[in-house]
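A.B. asks: Before I ask anything, here is the structure I am working with.
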Amino acid sequence: MNRQRDELGPAIPASEITPRAVFEQRRTIIRAAAAGVFGAALAPWFARQAFAQTAAGGKLASRPNLQFVLPDKLTSYKDVTGYNNFYEFGTGKTDPARNAHTLLTRPWTVSVDGLVKRPKVYDVDELLKLAPLEERIYRLRCVEGWSMVIPWIGVPLAELIRRAEPTGNAKYVEFTTLADPKQMPGLSVKVLDWPYVEGLRLDEAMHPLTLLTFGLYGEVLPKQNGAPLRIVVPWKYGFKSAKSIVRIRFTEREPETSWHRAAPDEYGFYSNVNPAVDHPRWSQATERRIGDGGNALFPPRRKTLPFNGYAEQVAPLYAGMDLRKFF
Ligand SMILES: Nc1nc2c(c(=O)[nH]1)N[C@H]1C(S)=C(S)[C@@H](COP(=O)(O)O)O[C@H]1N2
Ligand SMILES: [Mo]
Numbered sequence: 007m008n009r010q011r012d013e014l015g016p017a018i019p020a021s022e023i024t025p026r027a028v029f030e031q032r033r034t035i036i037r038a039a040a041a042g043v044f045g046a047a048l049a050p051w052f053a054r055q056a057f058a059q060t061a062a063g064g065k066l067a068s069r070p071n072l073q074f075v076l077p078d079k080l081t082s083y084k085d086v087t088g089y090n091n092f093y094e095f096g097t098g099k100t101d102p103a104r105n106a107h108t109l110l111t112r113p114w115t116v117s118v119d120g121l122v123k124r125p126k127v128y129d130v131d132e133l134l135k136l137a138p139l140e141e142r143i144y145r146l147r148c149v150e151g152w153s154m155v156i157p158w159i160g161v162p163l164a165e166l167i168r169r170a171e172p173t174g175n176a177k178y179v180e181f182t183t184l185a186d187p188k189q190m191p192g193l194s195v196k197v198l199d200w201p202y203v204e205g206l207r208l209d210e211a212m213h214p215l216t217l218l219t220f221g222l223y224g225e226v227l228p229k230q231n232g233a234p235l236r237i238v239v240p241w242k243y244g245f246k247s248a249k250s251i252v253r254i255r256f257t258e259r260e261p262e263t264s265w266h267r268a269a270p271d272e273y274g275f276y277s278n279v280n281p282a283v284d285h286p287r288w289s290q291a292t293e294r295r296i297g298d299g300g301n302a303l304f305p306p307r308r309k310t311l312p313f314n315g316y317a318e319q320v321a322p323l324y325a326g327m328d329l330r331k332f333f
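Set out below in structure tokens:
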């Protein structure tokens with residue numbers, strides 16, 4: 007595949023690039039270490055090794071957060087970066103990988119505004135230094151019925167929200183994606199009312215699982231995955247995880263999201279992964295894990311878990327709510 011270079015730093019000589027297979031194997035070892043397979047004493051050593059190996063060039067240094075490892079096998083780098091939804095670059099799964107090279111990721115600013123005491127326009131490089139970067143392995147479940155397991159790099163979104171100091175009447179956070187027709191050929195097709203807008207309730211945005219994301223697989227985010235920054239909300243359907251964000255706005259009213267506007271009966275505001283509530287066109291009871299069974303197109307189906315497997319951490323956010331009504 008034609009790997010895309012981000013504007014960060016000079017090209018890395020091929021000899022310094024960790025071969026993908028080595029990275030994936032290393033992740034397995036770190037997972038095993040976290041699971042206690044080698045005894046607790048070795049886990050910090052593996053963590054340091056991982057850190058050392060990701061600290062150069064267009065790579066993005068981070069520290070594996072062993073609280074967020076999974077028994078699941080990682081989805082291959084090739085599938086994570088070659089099978090995407092990013093409609094600003096086309097609606098086909100391979101369109102973003104082919105078209106997103108026109109996205110300019112530097113300079114890049116993000117306006118944090120609305121109901122906050124400290125509104126500010128941040129440069130993305132400033133946001134990169136907000137807090138120590140963590141590597142976290144999360145499941146991503148698309149409402150279309152497929153899923154992946156991805157080693158993201160980022161910081162809790164709460165780190166940014168705390169600095170912004172939301173006012174007492176701020177109840178929601180709205181995320182807006184860049185919409186520049188010169189960089190994004192998909193904008194000429196009116197599949198959605200551009201720009202792409204998503205939203206979370208403030209407590210969801212503050213939840214420690216919600217990740218302000220800058221990288222994956224030890225490097226800066228490939229453009230097709232939402233460079234230079236996106237959010238990742240692992241207990242919700244993938245479309246809640248807006249890519250290439252330029253604005254984060256705090257509001258009192260529930261934001262009108264692009265998908266809800268396009269099809270209100272298909273896409274609710276909450277969009278928590280819920281195997282008991284089907285989308286009108288796709289069952290949500292099962293999913294196919296991309297890459298399972300060695301066949302990317304027709305892997306065997308597996309059961310979808312409530313809240314995508316994160317129920318223990320996030321179900322309390324929805325205590326007392328009818329999740330059929332608030333889908
Ligand atoms: N701006 C923007 N963000 C987006 C989308 C999009 O079309 N535009 N697609 C969403 C959907 S439907 C999914 S499943 C995930 C896919 O993320 P990935 O390509 O990194 O796996 O991105 C989400 N974020
Ligand atoms: Mo999706």
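Here our numbering is used: position 174 in the sequence shown is 180, and no number is missing along the way. All C-beta atoms in this analysis are idealised placements derived from N, C-alpha and C, irrespective of residue type, glycine included.
Excluding five sequence neighbours on each side, which residues of the same chain lie with their C-beta closer than 6 Å to the C-beta of tyrosine 324?
C.D. replies: Excluding residues within five positions, none has a Cβ falling inside 6 Å.
A.B. asks: When the distance is taken between beta carbons, is leucine 166 closer than 8 Å to valine 118?
C.D. replies: Contact flag set, yes.
A.B. asks: Would the segment 131 to 145 count as touching the segment 184 to 192 if we require 3 or more Cβ pairs under 8 Å?
C.D. replies: Taking 8 Å as the limit for Cβ pairs, the verdict is that the segment 184 to 192 does not touch the segment 131 to 145.
A.B. asks: What does methionine 154 pair with, by DSSP beta-bridge criteria?
C.D. replies: Partner(s): Leu146.
A.B. asks: Is it true that the segment 201 to 219 meets the segment 107 to 117, where meeting means three or more beta-carbon pairs spaced less than 8 Å apart?
C.D. replies: As far as the Cβ criterion goes, the segment 201 to 219 does not touch the segment 107 to 117, which means the pair count is below three.
A.B. asks: Do phenylalanine 220 and ligand 1 come close, with the Cβ less than 7 Å from some heavy atom?
C.D. replies: Not so, every heavy atom of ligand 1 lies at least 7 Å from the Cβ.
A.B. asks: Using a Cβ distance threshold of 8 Å, determine whether the segment 128 to 135 contacts the segment 267 to 279, with at least three qualifying pairs required.
C.D. replies: Taking 8 Å as the limit for Cβ pairs, the verdict is that the segment 267 to 279 does not touch the segment 128 to 135.
A.B. asks: By DSSP, does glutamate 171 sit in helix, in strand, or in coil?
C.D. replies: Glutamate 171 falls in the coil class under three-state DSSP.
A.B. asks: Going along the chain, which residues of its own chain have a beta-carbon closer than 8 Å to the beta-carbon of glutamate 171, five neighbours each way excluded?
C.D. replies: Cβ neighbours of glutamate 171 beyond the five flanking positions: Val122, Lys123 and Arg124.
A.B. asks: From Gly299, Gly88, Glu180 and Glu94, pick the residue whose C-alpha is nearest to that of leucine 163; which is it?
C.D. replies: Taking only the C-alpha atoms, the option nearest leucine 163 is Glu180.
A.B. asks: With valine 116 as the anchor, note down where its alpha helix (DSSP H) starts and where it stops.
C.D. replies: From DSSP, valine 116 is part of no alpha helix (DSSP H) but of the beta strand (DSSP E) over 115 to 120.
A.B. asks: Based on Cα-Cα distance, which residue from Gly274, Gly315 and Pro286 lies nearest to aspartate 328?
C.D. replies: Checked all of Gly274, Gly315 and Pro286; the closest Cα to aspartate 328 is Gly274.
A.B. asks: If I measure Cβ to Cβ from tryptophan 158 and keep anything under 8 Å in the same chain, skipping five residues before and after, which residues do I get?
C.D. replies: Only Glu141, Arg142, Ile143, Tyr144, Leu217, Thr219, Gly221, Leu222 and Val238 meet the Cβ criterion.
A.B. asks: What number of angstroms, rounded off, separates the C-alpha of arginine 308 from the C-alpha of alanine 233?
C.D. replies: Approximately 30 Å between the Cα atoms of the pair.
A.B. asks: Mark proline 214 as exposed unless 16 or more other C-beta atoms lie within 10 angstroms of its C-beta, in which case mark it buried.
C.D. replies: Exposed.
A.B. asks: In whole angstroms, give me the CA-to-CA distance for phenylalanine 156 and valine 279.
C.D. replies: It is isoleucine, not phenylalanine, that sits at residue 156 in the sequence shown. Distance between the alpha carbons of isoleucine 156 and valine 279 is about 17 Å.
A.B. asks: Do you know whose CA, among Leu139, Arg169, Leu193 and Val127, lies nearest threonine 97's CA?
C.D. replies: Cα-wise, what sits closest to threonine 97 is Leu193.
A.B. asks: Can you list, in chain order, the residues of its chain whose CB lies under 7 Å from that of glycine 315, leaving out five sequence neighbours each side?
C.D. replies: Once the five neighbours on either side are set aside, the close Cβ partners of glycine 315 are Arg145.
A.B. asks: In the DSSP assignment, what are the bridge partners of phenylalanine 256?
C.D. replies: Beta-bridge pairing links phenylalanine 256 to Gly120 and Val179.
A.B. asks: Just checking my contact of serine 153 with arginine 295 at CB under 8 Å: how many whole Å lie between their CB atoms?
C.D. replies: That belief holds up - the Cβ atoms of serine 153 and arginine 295 are roughly 5 Å apart, short of 8 Å.
A.B. asks: May I have the straight-line CA-CA distance separating alanine 61 from isoleucine 251, to the nearest angstrom?
C.D. replies: Its pLDDT being 34, under 50, alanine 61 is placed unreliably by the model, and the measurement read from it follows with that caveat. So the alpha carbons of these two residues sit roughly 25 Å apart.
A.B. asks: Could you have a look at proline 70 and say whether DSSP puts it in helix, strand or coil?
C.D. replies: Strand at proline 70.
A.B. asks: Do threonine 173 and arginine 253 come within 8 Å of each other at the CB atom, strictly closer than that value?
C.D. replies: Going by C-beta atoms, arginine 253 is not nearer than 8 Å to threonine 173.
A.B. asks: So, using beta-carbon positions, are asparagine 90 and lysine 99 closer together than 8 Å?
C.D. replies: Contact: yes.
A.B. asks: Taking the alpha-carbon positions, what's the glycine 297 to threonine 310 distance?
C.D. replies: Using only the alpha carbons, I get a separation of about 16 Å.
A.B. asks: Measuring CA to CA, which of Thr87, Glu225, Gly151 and Leu184 is closest to alanine 67?
C.D. replies: The option with the nearest alpha carbon to alanine 67 is Glu225.
A.B. asks: Please determine, among Ser277, Ser264 and Asp78, the residue with the shortest C-alpha to C-alpha distance to tyrosine 243.
C.D. replies: Here the closest residue by C-alpha is Ser277.
A.B. asks: Mind checking which residues open and close the beta strand (DSSP E) that includes glycine 221?
C.D. replies: Its beta strand (DSSP E) spans residues 217 to 222.
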